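Colleague:
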Amino acid sequence: MARTNPKSIARAKRVKRIRKKVIGTSERPRLRVFKSNKHIYAQIIDDAAGHTLISMSTIDKEFALGDEKGKIGAAKKVGEAIGARAKAAGITKVVFDRGGSIYHGRVKSLSEGAREGGLEF
-10 MARTNPKSIA
0 RAKRVKRIRK
10 KVIGTSERPR
20 LRVFKSNKHI
30 YAQIIDDAAG
40 HTLISMSTID
50 KEFALGDEKG
60 KIGAAKKVGE
70 AIGARAKAAG
80 ITKVVFDRGG
90 SIYHGRVKSL
100 SEGAREGGLE
110 F
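Below is the structure:
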């Protein structure tokens, strides 16, 4: 008997479906979000060149989880920081890739923080 989790299969299908539609270019790179139970990760990726331009996460020393009000506050702080770092690198427009997660909670907070940091979706 197969030991596959129906949730993980559905999530993998969502990721494939989203990746077919969301493609980052050098003018408008892709902002990819991944969340684990403890941390949230954000990367700005140029798919044409296959390079990660900027990456931030709550693992970084400047984003200690105890500083903010829980994980949602830390996600917003990461979004603001990646927006500011992208703006300094000359990136103003991105394509948002939620990575199979629902646009709610930490993912929504990170995207709002990135908008406040100066990114356009």
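Sequence positions in the sequence shown follow my numbering and run -10 to 110. We put the beta carbon where it would ideally sit given N, CA and C, even for glycine. It should be emphasised that the depicted structure is a prediction, and the values quoted were computed from it without experimental measurement.
Can you give me the Cβ contacts of residue 11 inside the same chain, cut-off strictly under 7 Å, excluding the 5 residues immediately before and after it?
Modeller: For residue 11, where only same-chain residues beyond five positions count, the Cβ hits under 7 Å are 19, 84 and 86.
Colleague: Evaluate contact between the segment -4 to 8 and the segment 92 to 106, counting only Cβ atoms and requiring at least three cross-stretch pairs below 8 Å.
Modeller: Not touching, per the Cβ criterion.
Colleague: Going by beta carbon distance, what residues of the same chain come within less than 8 Å of residue 98, once the five residues before and after it are set aside?
Modeller: Excluding positions up to five away in sequence, the list reads 61, 62, 64, 65 and 68.
Colleague: For residue 79 versus residue 104, is the C-beta distance shorter than 9 Å?
Modeller: Cβ distance not < 9 Å, so residue 79 and residue 104 don't count as in contact.
Colleague: Indicate whether residue 42 and residue 81 have their beta-carbon atoms separated by less than 9 Å.
Modeller: No.
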